[in-house]
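K.L.:
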Amino acid sequence: MIRVQLKKPRVVYISTYIPRKCGIATFTKDLTNALNLLNPERQAEIIALDSPESESLVYPWEVSHRIRQQDWSDYERVLHYLNRSNVDLIVVQHEFGIWGGTDGEFVVKFLEKLKKPCVVVFHTVLSTPTTHQREIMNYLCRRAGAVVVMLQAVADLLRREYGVDPSKVAVIHHGVPDFPRQSPEEAKPRLKLEGRIVMSSINLLSESKGIEYAISALPPVVEKYPNFLYLVVGETHPNVLRQEGEQYRAKLKKLVQEKGLQSSVQFIDRYLSLDELILYIQASDYYITPYLNPEQAASGSLAYAMGAGKSCISTSYFYAREMLRGGRGIIVPLRNSSALSHALLELIEKPNKRHLIERRAYSQGRLMTWHRVALNYLELFTNVLAQSAPTHDSFDVPPTLDYVRTLTTRLGILEHSSLKIPQESQGYTVDDNAKALIVALCRENRFLVRCYLMFIIQAEQNGLLYNDRSANGEWQGKPDVGDWWGKAFWAISCLVTIRPSPLLYKKGIQLLLKMYPHLLNLSSPRSVSYALLGLCVLDSNQVMLPGIENTLRENINELAKKLTILFSSSASNNWQWFENYLTYDNARLPQALLAVARVSKNSDIQKIGIGSLDWLIHELFDQEYGCFSFIGCNGWYFRGKPKAIFDQQPVEADAMAEACVAAFLVTKDEKYLNLAKKAFTWYDGDNILHQSLIDSRSGGIFDGLTPSGRNRNEGTESVLSYHLAFFSLQSVNIFNPTSISSKLWQCN
1 MIRVQLKKPR VVYISTYIPR KCGIATFTKD LTNALNLLNP ERQAEIIALD SPESESLVYP
61 WEVSHRIRQQ DWSDYERVLH YLNRSNVDLI VVQHEFGIWG GTDGEFVVKF LEKLKKPCVV
121 VFHTVLSTPT THQREIMNYL CRRAGAVVVM LQAVADLLRR EYGVDPSKVA VIHHGVPDFP
181 RQSPEEAKPR LKLEGRIVMS SINLLSESKG IEYAISALPP VVEKYPNFLY LVVGETHPNV
241 LRQEGEQYRA KLKKLVQEKG LQSSVQFIDR YLSLDELILY IQASDYYITP YLNPEQAASG
301 SLAYAMGAGK SCISTSYFYA REMLRGGRGI IVPLRNSSAL SHALLELIEK PNKRHLIERR
361 AYSQGRLMTW HRVALNYLEL FTNVLAQSAP THDSFDVPPT LDYVRTLTTR LGILEHSSLK
421 IPQESQGYTV DDNAKALIVA LCRENRFLVR CYLMFIIQAE QNGLLYNDRS ANGEWQGKPD
481 VGDWWGKAFW AISCLVTIRP SPLLYKKGIQ LLLKMYPHLL NLSSPRSVSY ALLGLCVLDS
541 NQVMLPGIEN TLRENINELA KKLTILFSSS ASNNWQWFEN YLTYDNARLP QALLAVARVS
601 KNSDIQKIGI GSLDWLIHEL FDQEYGCFSF IGCNGWYFRG KPKAIFDQQP VEADAMAEAC
661 VAAFLVTKDE KYLNLAKKAF TWYDGDNILH QSLIDSRSGG IFDGLTPSGR NRNEGTESVL
721 SYHLAFFSLQ SVNIFNPTSI SSKLWQCN
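So for the sequence shown, full-length UniProt numbering puts the first residue at 1; every next one is plus one.
#1: Pull the bridge partners of Y362 from the DSSP assignment, please.
#2: Check the C-beta distance from S692 over to D703 and give it rounded, since I have them as a contact under 8 Å.
#3: Spatial neighbours of L593 within its chain, please: CB distance less than 7 Å, with the 5 preceding and 5 following residues excluded, ordered by chain position.
#4: According to DSSP, simplified to helix, strand and coil, what is I18?
#5: Short of 7 Å in beta carbon distance, which residues of its chain neighbour H518, apart from the five on each side in sequence? Order them along the chain.
#6: Nearest CA to the CA of I134: which residue from Y291, D468, W577 and G104?
#7: Write down the C-beta distance between I46 and T32 rounded to the nearest angstrom, noting that I regard them as a contact closer than 8 Å.
#8: Quick one: what does DSSP say A305 is sitting in, helix, strand or coil?
#9: Out of R639, D539, C627 and S425, which has the shortest C-alpha to C-alpha gap to R598?
#10: So if DSSP puts T706 in a beta bridge, which residue, or which two residues, is it bridged to?
#11: Should K743 and N541 be called a contact, given that it needs their Cβ atoms to be closer than 9 Å?
#12: Quick one: measure Cβ to Cβ for E415 and T429, integer angstroms, because I've assumed they're closer than 8 Å.
#13: Give me the residue from V11, S64 and G486 with the minimum Cα distance to P40.
#14: Could you compute how far the alpha carbon of V732 sits from the alpha carbon of G632?
#15: Beta-carbon within less than 7 Å of V78's beta-carbon, same chain only, minus the 5 sequence neighbours each way: which residues are those?
#16: Check whether the Cβ atoms of L385 and L89 sit closer than 9 Å, and answer yes or no.
#17: Whose CA, out of C442, I331, F96 and N336, lies closest to the CA of Q347?
#18: Starting from the C-beta of A305, find all residues in its chain whose C-beta is less than 7 Å away, skip the five residues before and the five after it, and write them out in chain order.
#19: Among all the DSSP beta bridges, which residues are the ones paired with G632?
#20: Leaving out five residues on either side along the sequence, give the residues of the same chain with a beta carbon under 7 Å from the beta carbon of R270.
#21: For the putative contact between T706 and D647, defined by C-beta atoms under 8 Å, what is the C-beta separation to the nearest angstrom?
#22: To the nearest angstrom, how far is it from the Cα of A657 to the Cα of N602?
#23: In whole angstroms, what separates the C-alpha of S570 from that of L411?
#24: Using CA atoms only, rank isn't needed, just tell me which of A595, S337, D30 and I278 is closest to N557.
#25: Taking 9 Å as the cut-off, decide whether the C-beta atoms of E295 and T131 are in contact.
#26: Can you tell me where the alpha helix (DSSP H) holding M515 begins and where it ends?
#27: For F455, which residues of its own chain have a beta-carbon under 6 Å away from its beta-carbon, when the five flanking residues on both sides are left out?
#28: Could you round the C-beta distance between E652 and F680 to whole angstroms and report it? I think they count as a contact, below 8 Å.
#29: Distance check for W370 and C442, CA to CA, integer angstroms please.
#30: Under 7 Å Cβ to Cβ from D30, same chain only, skipping five residues before and after it: list those, please.
Right, here's the structure in full:
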């Protein structure tokens with residue numbers, strides 16, 4: 001079997017986002033930070049949900065789009081972007097109040113038009129919804145590949161009240177930082193709290209937080225412990241501030257004065273950074289969440305306090321009941337100051353009970369670190385994508401990059417290996433680094449893209465390129481416009497089309513402009529073909545090249561003319577080819593003409609491209625074995641002489657697969673797609689020796705078929721050919737028509 005690895009997905013998160021002052025915004029930032037550490041090659045992308053008061057915010061770089069909550073045109077604009085993108089999965093953060101329309105119904109309209117799989121994260125699940133709210137919730141549960149809640153009790157509620165299939169519901173904790181186990185006395189001096197017994201609540205302030213009940217619980221505590229201090233940390237919630245101003249805070253301050261608690265209650269009226277939040281939690285002896293909503297299904301505030309191993313006292317709401325059970329904290333009735341007083345005094349006066357609660361809370365917190373939570377989300381994403389993937393042969397999963405990395409040094413990718421051991425002493429070539437660049441672009445590996453691009457840039461001199469480079473970095477021979485030049489032009493054209501980053505794009509454009517004037521000096525049919533493939537990528541993707549846009553199609557026509565002249569001068573009834581011999585990478589020639597035919601709609605060029613490819617397939621397809629038998633490099637194939645059977649090279653399978661994909665795109669004839677797949681399966685034993693060339697342990701590809709079996713070396717050209725063949729087939733996968741590979745192979 002072909003060894004593949006499940007790709008880590010490209011995920012877009014639709015959510016409120018920092019610097020918006022909202023718990024879900026902070027949650028999404030913390031979650032995506034943790035996921036980025038696990039999936040660094042595919043950093044999280046955010047689409048920010050804006051409320052009217054957040055529209056003036058300046059978002060960080062990871063926010064690609066923003067949606068004004070009540071402006072449906074913004075939703076449509078984002079839909080257009082997502083449906084045409086190569087994004088794998090959409091994660092929707094949901095709570096009534098952050099989406100537009102009545103009861104946030106825009107989320108339904110949005111997901112009805114979205115053509116991507118999605119996961120919905122519920123931050124609130126109502127036990128007694130209105131009819132309209134229930135309809136929205138039911139739709140979200142049906143539409144999502146999975147729904148995430150943070151409590152088993154909420155998962156049970158979804159099953160019981162909404163009829164959701166339990167297998168569709170994932171219970172994943174609210175994440176917490178990886179707190180060190182620390183005594184409050186270590187943190188108190190940094191806040192000038194030495195000698196105080198500290199209890200805190202850290203929230204965006206609103207009446208639902210029930211802070212007045214905590215304040216009313218303090219007189220009996222302060223009477224016995226005058227050094228007691230309650231910290232009410234956080235500014236007023238923006239929505240409350242907009243509608244009511246600071247009425248609630250003023251009410252609390254008045255209550256403090258009425259009860260004579262001015263020295264025992266301190267308000268910290270600002271929004272804390274993560275570091276500040278952690279410091280205040282660590283400096284607290286006790287943590288309290290006296291919330292008033294019994295259905296509250298998540299509390300980042302309580303989760304963080306547990307993660308730090310704090311003694312927590314909470315009113316009886318969904319999240320607290322589940323998280324503090326088993327002796328991990330104390331639960332009291334809602335709106336009951338007397339019960340809060342009793343619980344607090346009990347913890348102060350029974351330190352052994354307090355310490356036991358702290359140990360149990362901290363142990364639970366170890367299961368809730370953002371790293372663990374991110375692992376759970378990543379596993380869920382993978383499962384959802386696996387379930388949504390087609391069950392038939394769709395070439396969705398790329399081969400592992402492990403061996404490509406093994407062959408790569410700080411300079412670039414090496415040319416040779418002995419068995420599977422890279423041979424640094426034998427140096428490097430532009431030829432291989434150009435193909436490696438295309439592979440790295442398709443895999444969206446910016447580190448490798450930069451490595452291979454810099455190798456080619458360093459090879460350039462006055463628009464010409466050296467090819468060979470020694471192990472110590474010295475260039476050999478003279479710069480020229482050989483086959484390697486054409487491959488490099490193709491690769492750089494792919495780079496400026498994909499734009500992996502502004503800096504790499506700029507460097508690619510600079511190099512392309514230096515090379516461009518040499519295009520018409522190409523003479524080798526293969527160098528012409530590689531360059532044509534690059535030009536067609538640029539043309540089909542409408543890449544704007546400063547100063548040369550008007551000559552792009554002209555140069556395509558001129559280079560295509562060189563191939564058609566070669567064909568006319570060489571071809572006969574029984575030899576439909578451009579030269580009097582077949583050597584290596586043969587199918588690139590018809591592939592290039594078919595790419596030209598696709599962008600220019602030139603029927604004469606298409607006729608030569610299809611005719612030469614059909615003839616090549618006839619010569620290379622072994623009817624007896626029912627598989628391709630490519631030209632052997634031990635003798636090649638000269639006109640009028642027998643064809644060399646060995647050594648067959650992997651690069652031929654790649655070229656044939658790509659050429660057949662090109663023919664399919666031009667003709668829409670399914671036979672070419674089947675032949676492309678047949679060429680690809682040559683790697684896995686569909687060849688005249690019935691031997692797989694795939695090394696499932698290293699991820700490499702054996703260097704070819706010899707009379708005695710596989711060539712046991714695993715060189716660079718071989719493994720790169722396998723990757724390129726894969727991505728060419730992926731480009732015509734109807735389930736992923738907008739992937740990067742389609743930009744590079746589907747020349748429109």
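Ideal placement from N, C-alpha and C gives every residue a C-beta, glycine not left out.
Source: prediction; values computed, not measured.
P.N.:
Well, looking at it:
#1: DSSP, once it has assigned bridges, lists no residue as partnering Y362.
#2: 13 Å between Cβ atoms; not a contact.
#3: A560, L563, I605, I608 and G609
#4: coil
#5: G463, L464 and V481
#6: Looking at the sequence provided, one finds Arg at residue 134 rather than Ile. Checked all of Y291, D468, W577 and G104; the closest Cα to R134 is G104.
#7: 7 Å
#8: helix
#9: D539
#10: G709
#11: yes
#12: 5 Å
#13: V11
#14: 29 Å
#15: I47, H65 and I67
#16: yes
#17: As written in the sequence, residue 347 is Leu, which differs from the Gln given in the question. Answer by Cα proximity: I331.
#18: I281, Y287 and C312
#19: Q648
#20: E235
#21: 5 Å
#22: 23 Å
#23: 41 Å
#24: A595
#25: no
#26: P502 to M515
#27: G412 and N433
#28: Contact doesn't hold; Cβ gap of about 12 Å is too wide.
#29: 30 Å
#30: G175 and W370
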